[in-house]
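Enquirer: Everything in the sequence shown is counted per this note's numbering, starting at 4 for the first residue and increasing by one.
For each residue, glycine too, the CB sits at the ideal point set by N, CA and C.
First the structure, which I've put down as structure tokens, then a few questions once you've had a look.
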Amino acid sequence: LRPRTDPRALARYYLTGERFGSAEAARIGLLTTAGADVDDVLEPVLDGLRRASPTALAETKHLLTTKVLENFDQDAGELTRLSSRLFASADAREGMTAFLERREPGWVL
């Protein structure tokens with residue numbers, strides 16, 4: 004998410020857990036576009052993809068994803084360690100238990 008999303012918006016939603024709709028997701032860069040009618044939104048995209056050369060599409064995809072994959076490979080170990088530590092924490096247990104019991108976790112003021 005980080006390479007594509009507005010950093011301030013990402014920080015806000017990471018920290019608060021707020022929910023947001025498709026228009027906000029598009030505004031912050033999480034979605035490319037949003038609209039009420041999915042067919043209307045997708046029509047020009049699909050038309051462009053149908054008209055493009057398969058080789059050009061493959062090479063463009065490679066160019067667009069190379070840096071993201073390199074960064075992921077570099078960060079994967081640290082992200083795995085962080086996730087393991089967080090998911091094994093008392094806060095995680097309390098949060099999951101509260102969710103299953105349909106109550107607020109103990110840290111909510």
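1) Could you check the C-alpha separation between V48 and E62 for me, to the nearest Å?
2) Along the chain, where does the alpha helix (DSSP H) that runs through T100 open and close?
3) Does DSSP put E62 in a helix, a strand or coil?
4) Specify whether the segment 31-47 and the segment 6-18 touch according to this definition: at least 3 beta carbon pairs, one from each stretch, less than 8 Å apart.
5) Within the continuous alpha helix (DSSP H) that includes S56, where are the two ends?
6) Just mark Y17 as buried or exposed, buried being the case when its beta carbon has 16 or more other beta carbons within 10 Å.
7) Just the C-alpha distance for A89 and A59, rounded to the nearest angstrom, thanks.
Expert: Let's see:
1) Taking the first residue of the sequence shown as 1, we reach residue 48 at position 45. Taking the first residue of the sequence shown as 1, we reach residue 62 at position 59. Rounded to whole angstroms, V48 to E62 spans 18 Å at the Cα level.
2) If you number the sequence shown from 1, residue 100 lands on position 97. Per DSSP, T100 belongs to the alpha helix (DSSP H) from A93 to L103.
3) Your numbering for residue 62 matches position 59 in the sequence shown. Look at E62 here: in three-state DSSP terms it is helix.
4) yes
5) Start at 1 with the first residue of the sequence shown, and residue 56 comes out as number 53. No alpha helix (DSSP H) holds S56; DSSP gives it neither H nor E.
6) If you number the sequence shown from 1, residue 17 lands on position 14. The residue is exposed, with fewer than 16 neighbouring Cβ atoms inside 10 Å.
7) Walking along the sequence shown from the start, residue 89 turns up at place 86. Walking along the sequence shown from the start, residue 59 turns up at place 56. Residue 89 is actually Leu in this sequence, not Ala. The alpha-carbon atoms of L89 and A59 are separated by roughly 42 Å.
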